[in-house]
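Remarks on the structure that follows.
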Amino acid sequence: MALPYHLLLGLLLLAGLRGNLFSQTSSTSVLLDSIAVWAEAAQQPGIGIAIIRGDSVLYAGGVGYANLAEKQAVEAQTNFRVGSVSKTFVSLGILRLVEAGKISLNDKLADLAPEIPFTNRWEKEHPVRVVHLLEHSAGFDDMHFRNFYNTKDDPFLPLAKILDRSKAAMTARWEPGSRHSYSNPGYTILGYLIEKISGESYEDFLQKEVLTPLQMENSTLKNTPESIQKLATGYEGKENQIVPYMPIYHRPAGSLEASPLALAQALKMFLHRGMVDSTHFLSPELIERMERTEATWAAHLMPRGYGLGNYSTEDHGMLSQGHNGGIDGFYSQIKYYPGLGCGYITLYNRLDVPGKLRDKVNKAIQQFIFPDSQLITPPPFPLNPTQLEEMEGYFQEANPRNQIIAFLSNLTNFRQVSFSGDTLQLGGLMEDDEKLIALSQNTFRTLEGNQVNTVLEKFTNGQIYLQHGSQFFLKTSGGKVYTCWIGTLVFMLFLPAGLIFGLISLIFKLKGSLKGSFIPRALLGAAPLFFICAVMSAFSIKLVTAGEMNATAIIIFLGLLGFGICSVFGLGSTIWQVIRLKFSSARVFMLILGGFYVAGTIYLASYGLMPLQLWTW
Numbered sequence: 222m223a224l225p226y227h228l229l230l231g232l233l234l235l236a237g238l239r240g241n242l243f244s245q246t247s248s249t250s251v252l253l254d255s256i257a258v259w260a261e262a263a264q265q266p267g268i269g270i271a272i273i274r275g276d277s278v279l280y281a282g283g284v285g286y287a288n289l290a291e292k293q294a295v296e297a298q299t300n301f302r303v304g305s306v307s308k309t310f311v312s313l314g315i316l317r318l319v320e321a322g323k324i325s326l327n328d329k330l331a332d333l334a335p336e337i338p339f340t341n342r343w344e345k346e347h348p349v350r351v352v353h354l355l356e357h358s359a360g361f362d363d364m365h366f367r368n369f370y371n372t373k374d375d376p377f378l379p380l381a382k383i384l385d386r387s388k389a390a391m392t393a394r395w396e397p398g399s400r401h402s403y404s405n406p407g408y409t410i411l412g413y414l415i416e417k418i419s420g421e422s423y424e425d426f427l428q429k430e431v432l433t434p435l436q437m438e439n440s441t442l443k444n445t446p447e448s449i450q451k452l453a454t455g456y457e458g459k460e461n462q463i464v465p466y467m468p469i470y471h472r473p474a475g476s477l478e479a480s481p482l483a484l485a486q487a488l489k490m491f492l493h494r495g496m497v498d499s500t501h502f503l504s505p506e507l508i509e510r511m512e513r514t515e516a517t518w519a520a521h522l523m524p525r526g527y528g529l530g531n532y533s534t535e536d537h538g539m540l541s542q543g544h545n546g547g548i549d550g551f552y553s554q555i556k557y558y559p560g561l562g563c564g565y566i567t568l569y570n571r572l573d574v575p576g577k578l579r580d581k582v583n584k585a586i587q588q589f590i591f592p593d594s595q596l597i598t599p600p601p602f603p604l605n606p607t608q609l610e611e612m613e614g615y616f617q618e619a620n621p622r623n624q625i626i627a628f629l630s631n632l633t634n635f636r637q638v639s640f641s642g643d644t645l646q647l648g649g650l651m652e653d654d655e656k657l658i659a660l661s662q663n664t665f666r667t668l669e670g671n672q673v674n675t676v677l678e679k680f681t682n683g684q685i686y687l688q689h690g691s692q693f694f695l696k697t698s699g700g701k702v703y704t705c706w707i708g709t710l711v712f713m714l715f716l717p718a719g720l721i722f723g724l725i726s727l728i729f730k731l732k733g734s735l736k737g738s739f740i741p742r743a744l745l746g747a748a749p750l751f752f753i754c755a756v757m758s759a760f761s762i763k764l765v766t767a768g769e770m771n772a773t774a775i776i777i778f779l780g781l782l783g784f785g786i787c788s789v790f791g792l793g794s795t796i797w798q799v800i801r802l803k804f805s806s807a808r809v810f811m812l813i814l815g816g817f818y819v820a821g822t823i824y825l826a827s828y829g830l831m832p833l834q835l836w837t838w
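Last residue of the sequence shown: number 838 in the working numbering, and the count goes up by one each step with no gaps.
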């Protein structure tokens with residue numbers, strides 16, 4: 222969208238002013254022109270936009286291009302891949318079955334589909350239920366690398382076969398219902414349950430029972446040559462390179478293609494509490510149930526979180542509902558405000574959208590649709606200090622989304638809780654410190670908000686937990702925290718130290734002036750080299766090929782294997798030297814060096830990463 226230079230400059234200056242610019246005009250032109258300027262500056266190809274207020278779609282269309290080469294503009298009917306926004310519609314399909322009495326949220330997965338290969342060692346007391354799959358509280362791991370992209374199998378591979386491929390991820394890592402941890406395989410299970418109950422493919426069922434009743438024209442869950450004609454082109458990087466369409470294995474978790482106008486129809490249904498025009502689609506009670514969480518420890522104190530394929534956030538004190546999604550070449554967001562009767566959709570044909578651009582667009586649209594109002598925050602709750610003494614201390618993350626990086630989060634992701642008056646102070650090694658205001662003895666809000674953002678509670682089993690947003694922490698000891706921090710720091714320092722020590726030993730060996738055996742020195746010098754090669758290769762992993770046996774995967778495997786072998790044999794041969802000969806400063810250093818390397822090997826092995834075979838993960 223071409224604009225005169227003086228208008229562009231004026232819009233940019235206005236956009237930087239504080240105040241509610243966009244809500245002061247009934248026209249969308251200023252809003253869209255500003256978004257177009259920001260998108261062009263950020264080299265964003267196109268943005269699909271829809272704005273809803275009450276019964277009306279105030280705007281559906283977009284700025285920029287759906288296809289850069291063909292200069293095809295983004296329009297109201299332009300389809301985008303919406304990624305995880307698909308989960309909202311899978312949830313609607315399940316709730317249609319709930320309303321029909323064919324399934325219950327509390328039904329046990331083992332009863333509904335005993336053929337699904339999941340593992341839950343708490344099944345007797347804490348069985349996996351349908352609600353846990355919807356709220357991501359079953360404790361399952363997220364999808365593994367080999368199950369990201371379907372580049373070899375039938376694009377419509379039966380969901381039963383996909384679940385069989387994914388059984389390693391479908392192991393409850395803690396009691397189902399204790400905490401939230403995002404898991405795409407859970408929604409594939411839900412898609413399978415839809416198929417088993419309805420007797421239809423989940424795609425056909427959702428098309429008939431969800432998309433069509435919601436008047437979501439041209440939306441599809443099946444990518445075909447015909448649907449590609451309506452689909453925007455996905456891009457990536459500052460050069461806007463085309464991202465080819467790649468099917469995914471876990472289709473129910475992210476296969477929907479929809480336009481701004483189609484998604485606007487769905488948001489109207491949410492705003493009208495389950496009504497589509499004058500037709501009943503879903504009961505108000507089930508819509509409200511979608512918007513809250515009930516299946517976690519913290520749910521009784523913080524019901525606003527991830528509900529049934531629908532989660533809550535707070536924008537300038539206004540409670541919003543919706544979902545976002547990311548998939549190669551696309552980023553999407555649907556957001557609506559039940560208390561205000563309005564909402565909006567933003568669809569980007571680029572996954573790596575600059576965060577600043579998204580923030581600007583969100584803030585501008587929110588200012589456009591929000592009424593002028595002053596946020597009223599609740600007064601601080603007077604905390605009882607004596608009841609909080611046991612709550613203070615350190616907490617360790619206990620709900621990693623991806624088990625493959627749990628070893629890292631368990632070493633570094635801690636929070637320190639302390640209190641000052643009516644304020645909870647939350648510190649962290651890898652995060653900025655935060656201050657939260659008490660709403661009750663166990664609940665807290667941000668300084669700018671009025672909704673429960675954090676829960677600190679002693680649960681019935683005696684465990685003290687911290688729920689901060691979607692992050693879940695369990696109380697731990699300060700000794701463990703410092704051991705992890707110091708041990709990690711020393712290990713990282715010993716990697717270059719080991720390389721330098723090995724190089725110096727090699728030089729002395731070549732000069733013929735080395736005292737003692739060269740073998741343990743060579744092993745302890747080679748160990749960090751293997752480790753660094755593995756780590757550097759890990760940074761070059763591409764999700765498309767991460768689950769294949771390729772050069773990168775083999776280097777990571779050999780690097781970790783070599784590190785483990787060199788560490789164990791290096792320490793063993795050093796100990797043998799000490800036994801046969803005598804202590805020296807070099808041998809003491811080698812014992813310490815080898816000890817830390819072996820400790821690192823054991824730690825990685827305890828997480829199943831020694832060695833890591835990505836092609837099986």
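For each residue, glycine too, the CB sits at the ideal point set by N, CA and C.
Apply the 10 Å Cβ neighbour rule to residue i and answer buried if 16 or more other Cβ atoms are within range, or exposed otherwise.
{"i": "residue 563", "result": "buried"}
{"i": "residue 537", "result": "exposed"}
{"i": "residue 666", "result": "buried"}
{"i": "residue 462", "result": "exposed"}
{"i": "residue 572", "result": "buried"}
{"i": "residue 760", "result": "exposed"}
{"i": "residue 481", "result": "buried"}
{"i": "residue 721", "result": "exposed"}
{"i": "residue 714", "result": "exposed"}
{"i": "residue 465", "result": "exposed"}
{"i": "residue 780", "result": "buried"}
{"i": "residue 280", "result": "buried"}
{"i": "residue 393", "result": "buried"}
{"i": "residue 587", "result": "buried"}
{"i": "residue 397", "result": "buried"}
{"i": "residue 358", "result": "buried"}
{"i": "residue 218", "result": "Given that the chain is displayed from residue 222 to residue 838, the structure contains no residue 218 and the question cannot be resolved."}
{"i": "residue 777", "result": "buried"}
{"i": "residue 768", "result": "buried"}
Could you check the C-alpha separation between residue i and residue j for me, to the nearest Å?
{"i": "residue 655", "j": "residue 522", "result": "20 Å"}
{"i": "residue 410", "j": "residue 384", "result": "7 Å"}
{"i": "residue 312", "j": "residue 363", "result": "18 Å"}
{"i": "residue 729", "j": "residue 789", "result": "24 Å"}
{"i": "residue 533", "j": "residue 543", "result": "7 Å"}
{"i": "residue 386", "j": "residue 623", "result": "17 Å"}
{"i": "residue 717", "j": "residue 817", "result": "13 Å"}
{"i": "residue 414", "j": "residue 333", "result": "8 Å"}
{"i": "residue 438", "j": "residue 308", "result": "18 Å"}
{"i": "residue 196", "j": "residue 256", "result": "One cannot answer for residue 196 here, as it falls past the ends of the chain, which runs 222 to 838."}
{"i": "residue 764", "j": "residue 369", "result": "7 Å"}
{"i": "residue 247", "j": "residue 395", "result": "Any reading at residue 247 is ruled out, since the residue's pLDDT is 49, under 50, leaving its predicted position unreliable."}
Could you name the residues of the same chain whose beta carbon sits closer than 6 Å to that of residue i, not counting the 5 residues immediately before and after it, in chain order?
{"i": "residue 399", "result": "518"}
{"i": "residue 785", "result": "822 and 831"}
{"i": "residue 432", "result": "440"}
{"i": "residue 424", "result": "442 and 443"}
{"i": "residue 690", "result": "none"}
{"i": "residue 491", "result": "557"}
In its own chain, which residues sit with a C-beta less than 7 Å from the C-beta of residue i, not counting the 5 before and 5 after it?
{"i": "residue 389", "result": "365"}
{"i": "residue 706", "result": "650"}
{"i": "residue 274", "result": "562, 563 and 590"}
{"i": "residue 227", "result": "For residue 227, the predicted model reports a pLDDT of 34, less than 50, meaning its position is unreliable; a value from the coordinates is still stated below. No residues qualify anywhere along the chain."}
For residue i and residue j, which I take to be in contact (beta-carbon distance under 8 Å), what is that distance rounded to the nearest angstrom?
{"i": "residue 474", "j": "residue 405", "result": "4 Å"}
{"i": "residue 319", "j": "residue 435", "result": "Their Cβ separation, rounded to whole angstroms, is 17 Å, which puts residue 319 and residue 435 out of contact at 8 Å."}
{"i": "residue 677", "j": "residue 612", "result": "5 Å"}
{"i": "residue 285", "j": "residue 262", "result": "Actually they are not in contact, since the Cβ atoms of residue 285 and residue 262 sit about 12 Å apart, beyond 8 Å."}
{"i": "residue 553", "j": "residue 301", "result": "6 Å"}
{"i": "residue 638", "j": "residue 614", "result": "6 Å"}
Might you give, ordered along the chain, the residues of its own chain that have their beta carbon closer than 8 Å to the beta carbon of residue i, omitting 5 neighbours on each side?
{"i": "residue 608", "result": "662"}
{"i": "residue 469", "result": "369, 370, 371, 475, 476 and 548"}
{"i": "residue 489", "result": "273, 276, 278 and 497"}
{"i": "residue 719", "result": "745, 746, 748, 749, 814 and 818"}
For chain D, is any of its Cβ atoms less than 8 Å away from the one on residue i?
{"i": "residue 553", "result": "As a matter of chain content, chain D is missing from the structure shown, which is built from one protein chain."}
**Item:** Completely contained beta strand (DSSP E) runs for the stretch 632-690, where each covers 3 or more residues
**Value:** 635-641, 644-649, 655-659, 664-667, 675-679 and 685-689
**Prompt:** Going along the chain, which unbroken runs of the alpha helix (DSSP H) with 4 or more residues stay wholly within the stretch 384-471?
**Reply:** 405-419, 423-427 and 446-449
**Asked** Which runs of the beta strand (DSSP E) fall wholly inside the stretch 548-596 and span at least 3 residues, in chain order?
**Response** 551-558 and 563-569
**Request:** Could you pull out every unbroken alpha helix (DSSP H) segment of at least 4 residues lying fully inside the stretch 283-352, listed in chain order?
**Result:** 307-320 and 330-333
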